[in-house]
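Respectively, the protein sequence lines represent chains L and P.
Under our numbering, the first residue of the first sequence carries the number 1, and numbering increases by one thereafter.
Under our numbering, the first residue of the second sequence carries the number 1, and numbering increases by one thereafter.
Here a beta-carbon is modelled for each residue, glycine too, at the ideal position from N, C-alpha and C.
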Amino acid sequence: MSLIHDLRQRLIQSPVSFWSADAGLSALLVSLTLYIFIISPLSKHYNTGTVLDVLFMFVLLSGVFSASPCARLRRLMLLAAIPAAVLRWVSFTPTQTGLLALQHGYSALFFGMIVLVLLVRVFERGPKTGHRVLAAVAVYLMQGLMWAALYQLVEVILPGAFQLPSSPSGLPASAAAMQSTFIYFSFVTLTSGAMAMSRLWTHSP
Amino acid sequence: MSLVMMEALSGQLFPAVLIARIVALQVSEGNDHGMFFRVHGLYKRSLGRTAPAISVGNLKKGNEACL
């Protein structure tokens, strides 16, 4: 009860700092965990497109609110977050490469901005707090999403740059399943540093 | 250098840099409850000497040799 009372007091006293520290980072981590580790892997077997889109919105919103208490930075991040969210809800055919590239490009830009802003908070001078650790975990997870969006951008611009595993049914994979594949390989690379990813490899010059 | 290589590099470096930074913050915090001073006190005691009560607050010129 005292914890809830304490949180309520902080919310009443300073809503901006509450969302930029306490609740914002926790909401960001929860939505990131659900997005990356639970819903996204299910998209290969179930139709999770709408749930993924809703979770993506939560990630965007909590990212904008938790990254920085500075209003100017938030407005800057919204400039990338709004097009990323709008383009996410619009369904494209695979032939609309320009719009698909914009969608993935804005997502990568937004995740990159959040990663940079949170990195500054993680590495700045000051006491070691739980928020610093939460922000560090969020940075790591967001890096994975940023690289996955970049890979998707490369795949749209240069079709065939990646050797993607074919679906068992032989039908073309859905957008959510494709994204799940890219997120999986992105996190494999990020966590293991494995360079011998023969199934997913960009053409290097 | 491909995108995959850059990602692998950043993924391996980030945890290492983060741990180094957190340890640096802990050491530079400089209070009596810090890890460095606890280890330092144990080291002194293992040498059979009485460890002086060291804190940055009472560290004056000429006493740096204690550390």
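Give the straight-line distance between the Cα atoms of L:S192 and P:A8, rounded to the nearest whole angstrom.
-> Taking the straight line joining both Cα atoms gives about 7 Å.
Which of helix, strand or coil DSSP assigns to L:A173 = Coil.
Indicate whether at least one CB of chain A lies closer than 9 Å to the CB of L:A136.
-> Among the protein chains in the structure shown, which are L and P, there is no chain A.
So is P:A8 in contact with chain L if we call contact Cβ pairs under 9 Å?
-> For P:A8, the answer is yes, since a Cβ of chain L falls inside 9 Å of its Cβ.
Do you know offhand how far L:S271's Cα is from L:A101's?
-> Residue 271 of chain L lies beyond the range of chain L shown here (1 to 205); nothing can be said about it.
Residue from L:T189, L:G105, L:M142 with nearest C-alpha to L:L86 = Strictly speaking, residue 86 of chain L in this sequence is Val, with Leu absent from that position. Per the Cα distances, L:G105.
How about L:L42 and L:T48: do their beta carbons lie closer than 9 Å?
-> A contact, by the Cβ cut-off of 9 Å.
Going by the CB atoms, is the gap between L:I157 and L:T93 shorter than 9 Å?
-> Taking 9 Å as the Cβ cut-off, L:T93 and L:I157 do not qualify as a contacting pair.
If you draw a straight line from the alpha carbon of P:M6 to that of L:G144, how long is it in whole angstroms?
-> Going from the Cα of P:M6 to the Cα of L:G144 covers about 12 Å.
Quick one: is the Cβ of L:A101 within less than 8 Å of any heavy atom of the ligand MN?
-> In the structure shown, the ligand MN is absent, as is every other ligand, since no ligand is present at all.
L:L119 versus L:A135 - alpha carbon distance = Distance between L:L119 and L:A135, taken at the CA atoms: about 8 Å.
Pick helix, strand or coil for L:F185, following the three-state DSSP scheme.
-> The three-state secondary structure of L:F185, taken from DSSP, is helix.
How big is the Cα-Cα spacing for L:K128 and L:L76?
-> Each residue's Cα considered, the two are about 28 Å apart.
What is the DSSP secondary structure of L:T50, counted as helix, strand or coil?
-> Three-state DSSP puts L:T50 in a helix.
Expressed to the nearest angstrom, what Euclidean distance is found between the alpha-carbon atoms of L:R121 and P:A24?
-> Cα to Cα, L:R121 sits roughly 15 Å from P:A24.
Start-to-end residues for the alpha helix (DSSP H) that takes in L:G193 = If you look at L:G193, you'll find it isn't in any alpha helix (DSSP H); DSSP assigns it neither H nor E.
In whole angstroms, what is the alpha-carbon distance linking P:Q12 and P:R21?
-> Computed Cα separation, rounded: 15 Å.
With P:E29 as the anchor, note down where its alpha helix (DSSP H) starts and where it stops.
-> P:E29 -> alpha helix (DSSP H) spans 3 to 29.
Verify the CB distance criterion: does P:F37 have a CB-CB separation below 9 Å to chain L?
-> Unreliable positioning characterises P:F37 in this predicted model, as indicated by a pLDDT of 48, which lies under 50. The coordinate reading is nonetheless provided below. No, no contact with chain L.
Taking P:L3 as the reference, which of L:A138, L:V64, L:A161 has the closest Cα?
-> Selected option, being the one with the closest Cα: L:A161.
Collapsed DSSP secondary structure at L:E124 in the structure displayed | Residue state, collapsed to three classes: coil.
Closer than 7 Å by C-beta to L:G63: which residues in its own chain qualify, once you throw out the five before and the five after it? Chain order, please.
-> The residues are L28, I114.
Are L:L78 and L:L55 touching if we call contact CB-CB under 9 Å?
-> Result no, Cβ atoms of L:L78 and L:L55 do not sit closer than 9 Å.
For chain P, is any of its Cβ atoms less than 9 Å away from the one on L:L87?
-> No, no contact with chain P.
Going along chain P in order, which residues have a C-beta closer than 9 Å to the C-beta of L:L109?
-> The contacting residues do not exist; L:L109 stays about 15 Å from chain P at best.
Quick one: is P:V4 near chain L, going by C-beta distance under 9 Å?
-> Residue-level contact check: P:V4 touches chain L, since one or more beta carbons of chain L fall below 9 Å from its beta carbon.
Spell out whether any CB of chain L is found under 9 Å from the CB atom of P:D32.
-> For P:D32, the predicted structure reports a pLDDT of 48, less than 50, and the residue's modelled location is therefore unreliable. The matter cannot be settled from this model.
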